Structure formats: C-alpha cells, structure tokens
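Heads up: the structure comes next, in structure tokens.
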Amino acid sequence: MAKSVLICDDAAFMRMMIKDILTKNGYEIAGEAENGAKAVEKYAETKPDLVLMDITMPEMDGIQALKKIKESDAGASIIMCSAMGQQAMVIEAIQSGAKDFIVKPFQADRVLEAVKKVIG
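In full-length UniProt numbering, the protein residues as written are 1 to 120.
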C-alpha cells in the first residue's frame, strides 16, 4: 500500500507542487491543510504516514501544530518546510520532534530524498 502524506501549507500552489511531486512518485495524499489548526484536525482524521508542514501559516503556525500533533501521537513523522532565513524556527522544529526540514523553493529531488529518508 502507498505511504500517505498530509500536506500543510497556506499557499495553494505550494500544496499543488508538493502533491504533484509525491503522486508522481507513488505516494498517496492523505489530505491538505491551509493552516496549523486544520493540520492538527486532518492529522487526527487521516493518521497519515508523514506530514509535510510549512512553518509560517495563519491561525496556528507549523511549530505549534507540530507540537500539538506530537502530543496526540508521539510517533508522528513530520518534515518541516521553510523559506530561507528561518534557521531559529527550524532548530525549534527539530527540537520539538520534526524528522527533517526542506527549504523553499523546493527541489523535487530534495523533497523525495527527505520523504524517503523518513518513511521509505
């Protein structure tokens, strides 16, 4: 069975780009969320193998969402996505349990490399 991924980003075109990269490589999209609060809800509903989470989002940022998901499921696999210049946030995300992070703009091979490393 294909591994499922939940995509969380406030930019619709970013979600579309990631979805495109993943589906072309045999991953299933468990769902999409446009903010951290929705990400936490969708995670509980879909229990995906992996979450790709943007750091900067409205309502609840990616780091708050990461912490909430980890509270409900300590084994959750989450990869953070961030634009350049968010080093402090990336460090906080890793300390909070993120498995890896990808810098925007995305390189398809970097996205796949991170995903394969975390969930195979």
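Beta carbons: idealized from backbone N, C-alpha and C, even for Gly.
Remember, it's a predicted structure, so these values are computed and weren't measured experimentally.
Beta-carbon proximity of residue i to residue j, cut-off 8 Å
| i | j | result |
| --- | --- | --- |
| Ala37 | Met60 | yes |
| Ile102 | Ala88 | no |
| Ile55 | Ala12 | no |
| Leu66 | Ile79 | no |
| Met57 | Asn35 | yes |
| Lys47 | Tyr27 | no |
Nearest-angstrom Cα separation, counted from residue j out to residue i
| i | j | result |
| --- | --- | --- |
| Ile63 | Ser96 | 8 Å |
| Met1 | Ser72 | 24 Å |
| Val5 | Pro105 | 19 Å |
| Ala44 | Ala74 | 13 Å |
| Asp10 | Gln86 | 17 Å |
| Ala107 | Cys81 | One point to set straight first is that residue 107 is Gln, not Ala, in the sequence displayed. Near 12 Å, if we compare the C-alpha coordinates of Cys81 and Gln107. |
Three-state secondary structure (DSSP) of residue i
| i | result |
| --- | --- |
| Met60 | coil |
| Ala83 | coil |
| Asp55 | According to the sequence as given, residue 55 is Ile; it is not Asp. If DSSP states are grouped into helix, strand and coil, Ile55 belongs with coil. |
| Glu34 | coil |
Contact belief for residue i with residue j at Cβ below 8 Å, rounded distance in angstroms
| i | j | result |
| --- | --- | --- |
| Val111 | Lys99 | Val111 to Lys99, Cβ: 13 Å. No contact. |
| Ala39 | Cys8 | 4 Å |
| Ala33 | Lys42 | 5 Å |
| Ala83 | Val51 | Actually they are not in contact, since the Cβ atoms of Ala83 and Val51 sit about 18 Å apart, beyond 8 Å. |
Start and end residues, alpha helix (DSSP H) containing residue i
| i | result |
| --- | --- |
| Asp20 | Ala12 to Lys24 |
| Asp109 | Ala108 to Ile119 |
Residue range of the unbroken beta strand (DSSP E) whose run includes residue i
| i | result |
| --- | --- |
| Ser4 | Ser4 to Cys8 |
| Asp100 | Asp100 to Val103 |
Within-8 Å CB hit, residue i to chain D
| i | result |
| --- | --- |
| Ile94 | No chain D is part of this structure, which consists of one protein chain only. |
heavy atom of the ligand COA below 7 Å from residue i C-beta
| i | result |
| --- | --- |
| Met60 | This structure lacks the ligand COA, and indeed carries no ligand of any kind. |
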